[in-house]
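FYI, the numbering for the sequence shown is -21 to -1, 1 to 92, going by mature numbering (1 follows the signal peptide of the UniProt record, and there is no 0). A quick write-up on the structure given underneath.
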Amino acid sequence: MTIVSFLVLLLMVVVAPYTEAAISCGQVQGSLKPCLTYLMKGGVASSQCCNGVKALYASTATTAARRTVCNCLKQTARVFKRINLNAAAALPRNCGVSIPYKISPATDCSKVK
């Protein structure tokens, strides 16, 4: 269940809704849940995973939303040690999404624009 939480968190960072409403880490994790296998083992991200990533990205129209997603991803990466950090960093690109920061535990989310 912890891996599922990380996956959901990653998706929320990438595909949040186009609203001014606050994004929660639970929403991020839910969006990324279909990416769990990819995030643990690498390989090819499924279409369901990429749909979640794209939806999360679409929901991050504001700087605040992008920073929230960034922080959620970092928190999840610290907690769930089975996540392949290289696969997590490559996920947006592998799904055709360009985000303005690197997915990494070292990312300074306060600088995300």
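C-beta atoms are modelled at their ideal positions from N, C-alpha and C, and glycine is treated no differently.
What does the alpha-carbon distance come out to for the pair residue i and residue j?
i, j, result
"Y(-4)", "A40", "Confidence is the limiting factor: at Y(-4) the pLDDT is only 41, short of 50, which leaves the residue's position unreliable, though a coordinate-based value still follows. Approximately 6 Å between the Cα atoms of the pair."
"I62", "A56", "7 Å"
"T42", "K92", "5 Å"
"A24", "P79", "20 Å"
"R45", "Y17", "22 Å"
"C28", "L64", "16 Å"
"K81", "A68", "6 Å"
"Y36", "P13", "15 Å"
"L11", "G21", "14 Å"
Under the three-state reduction of DSSP, which class applies to residue i: helix, strand or coil?
i, result
"Y17", "helix"
"Y36", "helix"
"R72", "helix"
- Are there three or more Cβ pairs, one per stretch, closer than 8 Å when the stretch 4 to 14 is compared with the stretch 42 to 57? A contact is defined here as three or more CB-CB pairs under 8 Å, and the stretch 4 to 14 meets this definition with respect to the stretch 42 to 57.
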